[in-house]
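Per the numbering used here: the sequence shown = residues 170 to 479. Written out below as structure tokens is the structure these notes cover.
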Amino acid sequence: MHELPQQLANGLALGALYGLIAIGYTMVYGIVQLINFAHGEIFMIGGFGALTAYAILPTGTSLLIAIPVMIVGGAICSVAVACAAERFAYRPLRSAPRLAPLITAIGLSIALQQLVWQFYPDAKKAVSFPEFKGAAFKITDSLAIQRADLFVLILAPLCMLALGVFVQKSRSGRAMQATAQDPDTAKLMGINTDRIIVMAFAIGAAFAAVAAVAYGLDKGQINFEMGFILGLKAFTAAVLGGIGNIYGAMVGGVVLGLAEALSIAYIEEIPGMQQLGGGAWSNVWAFVLLIVVLLVRPQGLLGERVADRA
């Protein structure tokens, strides 16, 4: 148990990463009632966009200068792809049966993976990404915060704070809330709901790009399939927290990250469960947690129960 502080720190950093990606799912679902299963690939596009921006910089550029450039480059690519997906893939299907956007999202995911593969032939294996390794500071003998973890632990709350202020205080944010509550009435009140929906896709994509940079800095490499499992876990985080609730997305991410980190460290120490611990089973325990939470609280941790009006 002396490793507990370190595992908690690892879990918080991992949860913050999941939460940043989960924002994209919850923003879009909260406004247009759509699960964008291509969001994992939007995250992946952000990583490769950031890598492209880094490649343009002069050799030897400090990471302190390169990271903001990478975030901007990744966000531009992610937002452009997300907005194009909304306009040409999802908007024509708003009145279609719910299965149609789901099938479209799966096809879009595959198409985006192949698109990146054309520009980065090595992406099927791994492409080197600038590393931000090493302990930023050592608190105790059993707790050291890594630089990449510190990066996401600082940036995630700042992003959430900025998003909260935007949604609650800005005119566009209030228009978002109105569109989420009743899009038809919002349209009658003069709100351009199409623009609001595009904005939701763009915000989610920008957050995903930040997460992609954080992920690449931690792992030191990215690949064109990285969006699948991380996107799935981020969706799990969004559902855990209560999909449609932006704060719930981050809470769900943190809960999931902590559960994953603790399961890796301690499940195998339980008598009779030695074969069910370690990193190989972390994904399984993440989805077991989702099932348990939904059985106890179907609307998620911060979601609101909706009464049946039928």
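C-beta: ideal position from N, C-alpha, C; glycine also.
Could you tell me the distance, in whole angstroms, from the CA atom of residue 348 to the CA atom of residue 271?
The sequence position of residue 348 within the sequence shown is 179, counting from 1. The sequence position of residue 271 within the sequence shown is 102, counting from 1. Looking at the two C-alpha atoms, the distance is approximately 22 Å.
For residue 231, three-class secondary structure by DSSP:
Position 62 of the sequence shown, counting from 1, holds the residue named residue 231. Looking at residue 231 - three-state DSSP - the assignment turns out to be coil, as it is neither helix nor strand.
According to the Cβ coordinates, are residue 184 and residue 424 closer than 8 Å?
Numbered from its first residue, the sequence shown carries residue 184 at position 15. Numbered from its first residue, the sequence shown carries residue 424 at position 255. Yes, these two residues count as a Cβ contact at 8 Å.
Do residue 250 and residue 281 have their C-beta atoms closer together than 8 Å?
If you number the sequence shown from 1, residue 250 lands on position 81. If you number the sequence shown from 1, residue 281 lands on position 112. Closer than 8 Å, so yes.
Between the CA atoms of residue 193 and residue 369 - distance to the nearest angstrom:
To locate residue 369, count along the sequence shown from 1; it is residue 200. To locate residue 193, count along the sequence shown from 1; it is residue 24. Distance between the alpha carbons of residue 369 and residue 193: 8 Å.
Neighbourhood of residue 459 by C-beta, 7 Å cutoff - its chain only, sequence neighbours within 5 removed
As a first step, residue 459 must be located in the sequence shown, where it is residue number 290. Cβ within range, chain order: 405, 408 and 409.
May I ask you to verify whether the segment 428-442 touches the segment 377-389, counting CB pairs closer than 8 Å and requiring at least 3?
no
Within a Cβ cutoff of 7 Å, which residues of the same chain sit near residue 360, ignoring the five residues on either side of it in sequence?
Looking up residue 360 in the sequence shown gives position 191. Hits under 7 Å: 344, 347 and 348.
Could you please give me the residues that DSSP links to residue 451 through a beta bridge?
Position 282 of the sequence shown holds residue 451. In the DSSP output, where bridge partners are listed per residue, residue 451 has none listed.
For residue 302, does the count of other Cβ atoms within 10 angstroms reach 16, so buried, or fall short, so exposed?
Reading the sequence shown from its first residue, position 133 is the one you call residue 302. The residue is exposed, with fewer than 16 neighbouring Cβ atoms inside 10 Å.
Should residue 464 and residue 180 be called a contact, given that it needs their Cβ atoms to be closer than 8 Å?
Here residue 464 is taken as the residue at index 295 of the sequence shown, counted from 1. Here residue 180 is taken as the residue at index 11 of the sequence shown, counted from 1. Going by C-beta atoms, residue 464 is not nearer than 8 Å to residue 180.
Determine, using beta carbons only, whether residue 373 and residue 197 come nearer to each other than 8 Å.
Within the sequence shown, the letter at position 204 stands for residue 373. Within the sequence shown, the letter at position 28 stands for residue 197. In this structure, residue 197 lies closer than 8 Å to residue 373 by Cβ.
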